[in-house]
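Sequential numbering from 1 applies to the sequence shown in UniProt numbering.
Report on the following structure.
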Amino acid sequence: AQKNPWHTPVTIIITVIGVIAIVALVTVAVLQNKPLLQKYKYGIVLDAGSSHTALYLYEWPAEKDNNTGRVEQIHSCKVKGKGISSYASEPWKAGESLTLCMQEAERWVPSKRHRETPLYLGATAGMRLLNMENSSASDKVFQAVEGALQRFPFSYEGARILSGQEEGAFGWVTVNYLDDRLKQGLETTGALDLGGASTQISFVSDSYDGSESPSNSVTFRLYGNDYNLYTHSFLCYGKDQVLRMVLAQQTQSGPTSILDPCFHPGYNVTKFYSELYDSPCVSDRKPPGAPEAFAHRGDGNFQQCQEVVRTVFNFSSCRYRQCSFNGVFQPHLQGSFGAFSAYYFVMNFLNLTDTSIPLQAVKEKLLQYCATSWDQIVQQHPGVKEKYLAEYCFSGTYILTLLTEGYNFTSENYSNIKFIKKIKGSDAGWTLGYMLNLTNMIPAEAPDSPLLPHAGYVSVVTIMAVVLFVLLILSLRPLWPRCSKQPQIV
Ligand SMILES: Nc1ccn([C@@H]2O[C@H](COP(=O)(O)OP(=O)(O)OP(=O)(O)O)[C@@H](O)[C@H]2O)c(=O)n1
Numbered sequence: 001a002q003k004n005p006w007h008t009p010v011t012i013i014i015t016v017i018g019v020i021a022i023v024a025l026v027t028v029a030v031l032q033n034k035p036l037l038q039k040y041k042y043g044i045v046l047d048a049g050s051s052h053t054a055l056y057l058y059e060w061p062a063e064k065d066n067n068t069g070r071v072e073q074i075h076s077c078k079v080k081g082k083g084i085s086s087y088a089s090e091p092w093k094a095g096e097s098l099t100l101c102m103q104e105a106e107r108w109v110p111s112k113r114h115r116e117t118p119l120y121l122g123a124t125a126g127m128r129l130l131n132m133e134n135s136s137a138s139d140k141v142f143q144a145v146e147g148a149l150q151r152f153p154f155s156y157e158g159a160r161i162l163s164g165q166e167e168g169a170f171g172w173v174t175v176n177y178l179d180d181r182l183k184q185g186l187e188t189t190g191a192l193d194l195g196g197a198s199t200q201i202s203f204v205s206d207s208y209d210g211s212e213s214p215s216n217s218v219t220f221r222l223y224g225n226d227y228n229l230y231t232h233s234f235l236c237y238g239k240d241q242v243l244r245m246v247l248a249q250q251t252q253s254g255p256t257s258i259l260d261p262c263f264h265p266g267y268n269v270t271k272f273y274s275e276l277y278d279s280p281c282v283s284d285r286k287p288p289g290a291p292e293a294f295a296h297r298g299d300g301n302f303q304q305c306q307e308v309v310r311t312v313f314n315f316s317s318c319r320y321r322q323c324s325f326n327g328v329f330q331p332h333l334q335g336s337f338g339a340f341s342a343y344y345f346v347m348n349f350l351n352l353t354d355t356s357i358p359l360q361a362v363k364e365k366l367l368q369y370c371a372t373s374w375d376q377i378v379q380q381h382p383g384v385k386e387k388y389l390a391e392y393c394f395s396g397t398y399i400l401t402l403l404t405e406g407y408n409f410t411s412e413n414y415s416n417i418k419f420i421k422k423i424k425g426s427d428a429g430w431t432l433g434y435m436l437n438l439t440n441m442i443p444a445e446a447p448d449s450p451l452l453p454h455a456g457y458v459s460v461v462t463i464m465a466v467v468l469f470v471l472l473i474l475s476l477r478p479l480w481p482r483c484s485k486q487p488q489i490v
């Protein structure tokens, strides 16, 4: 019997070593490149707004601090009661009000991570106004808040008032970060934010390089792209302060009763002059010798309401090429816009978030809604707080007027606006952008990315291993057994 050369020990050893080497190669490729056991990091931002405070908790994979689109909001908590600026006369209550939400955050963040979790508090227009009015009262509110926050085991990074510019710019960063537009260098989305005491508009326009009205310019370099952002914050143009201005307009002569077109017919509530005029947005207009209170009665007339709302905008002077209102420069509107916070609350309530509806139809809807009697409105919306419910006719009218007459949106570009609350699970607002900025999580330059994604890398190594194996077998060909029984063709 002929000895089969295939069975020589040398061949067996070579084959076994070859197979082991290939298996080892593939195993290393798979394991080496697998993300390490995912560990998360956390960050907390408190948004101390004029009407209320909200806590946002963010999470991101510990290994990938520098990669975008990875920070997500995993929890939010609405602080009970009013905004911190309303505690000017009893500051300790401002601190105490935050306790429940902070305790919730303590439970959400794994205890191992507590000490390294940054905690920020940013205050917006409510505190801007209090600070203008009474800076020692605002300092006391901050002291109280600071004391309360430092009692928690997080890494407390400070509480401060954001400028209107920061509020606008960080809102814009949030929207574009969540939409993954920054890293990819895509055309950006503008941001429209409406709060209780101020409102912000921020967008990139090719016609704006920052030279005209430089105070509206914010420049960034993010992931290797330069942005020249236009942003403006209108203090007193949040919806609660505009309502004060609209009421001030109607109570100039100090009447004991007004018939307000922005409120529903049948609405009748007693309001106090001292409370209405207790804000720097209207305090200088308090009618001398006014009575203590007036009856605030509704008339439900959209067109007349829009006329009163128009009185809060000054369109008469503009020392730039073009202005929005109050002599504030605004370049040409460009691109799409995300409109959030109170824009969303109001338009969502009114079933008007669909911006493909013609502007004319939006007006008709408001006309009909405002004319509905207060009794009927209350009956139709049993679950909604009356304080909110009473104001949607006014707020809808203000939003429409601000967008079309203030910012100059037209029936052509109105549909470029999207009313949004969240993007991919995270609330639209300035908080995420603020945290990304303070934790340096958006690099100026694009990070070096690996040549291939994980799956691609593993596939290439596997294919190479198979090719090597086949080559090995082929190279052993001289040792292959010959089938001697096969008839030879001559
Ligand atoms: N379901 C809701 C919730 C809130 N609101 C109104 O929306 C405004 C609050 O908007 P928000 O973005 O929370 O503003 P603040 O942060 O409180 O105000 P600012 O940013 O101006 O400080 C308030 O007028 C509040 O009455 C509403 O109409 N409906």
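For each residue, glycine too, the CB sits at the ideal point set by N, CA and C.
None of these values were measured; they are calculated from a predicted model.
- Put simply, the backbone Cα of R128 is about 7 angstroms away from that of I161.
- Chain order is used for the residues whose beta-carbon lies nearer than 5 angstroms to a heavy atom of ligand 1, namely G49, S50, S51, T124, A125, G126, G195, G196, A197, S198, G238, K239, D240, S341, A342, F345, Y388.
- In chain order, L194, G196, A342, S395, Y398 place their CB closer than 7 angstroms to the CB of K239, counting only its own chain and leaving out the 5 sequence neighbours on each side.
- A direct Cα-to-Cα measurement between V204 and T231 gives close to 9 angstroms.
- Straight-line spacing of the CA atoms in Y392 and K112 works out to 45 angstroms.
- Beta bridge pairing from DSSP links Y227 with F220.
- If the five residues before and after Y87 are omitted, its C-beta is found closer than 8 angstroms to the C-beta atoms of K93, A94, S97, V141, A144, all from its own chain and listed in chain order.
- C77 is bridged by DSSP to L55.
- Within a 10 Å sphere around the beta-carbon of I17 sit fewer than 16 other beta-carbons, which makes this residue exposed.
- Put simply, the backbone Cα of T462 is about 6 angstroms away from that of V26.
- When only Cα atoms are considered, L100 and P153 end up about 14 angstroms apart.
- One thing to note: S202 has its Cβ no nearer than 7 angstroms to the Cβ of G210.
- Taking 3 residues as the shortest admissible run, the stretch 150-176 contains the following complete beta strand (DSSP E) segments, listed from N- to C-terminal end: 155-161.
- Here S213 is actually not in contact with Y237; their C-beta atoms are around 18 angstroms apart, not less than 8 angstroms.
- If you compare the alpha carbons of L243, Q249, G185, E90 with that of G224, the shortest gap goes to G185.
- When DSSP states are grouped into helix, strand and coil, V384 belongs to the coil group.
- When only Cα atoms are considered, V384 and Q376 end up about 13 angstroms apart.
- Under the three-pair Cβ rule at 8 angstroms, the stretch 279-289 does not count as touching the stretch 299-315.
- A contact between stretches requires three or more CB pairs, one per stretch, nearer than 8 angstroms, and the stretch 291-303 fails this requirement with the stretch 403-420.
- The alpha-carbon of F272 is positioned some 36 angstroms away from that of C318.
- Between K363 and L350 the beta-carbon gap is near 12 angstroms, outside 8 angstroms, which marks them as no contact.
- Residue nearest to I258 within the set M347, W108, A293, D448 is A293 (criterion: CA-CA distance).
- Residue burial is scored here from C-beta neighbours: G254 has fewer than 16 other C-beta atoms within 10 angstroms and is therefore classed as exposed.
- With contacts defined by Cβ atoms closer than 7 angstroms, H332 and S207 form a contacting pair.
- The three-state reading of DSSP puts D209 in coil, since its state is none of H, G, I, E or B.
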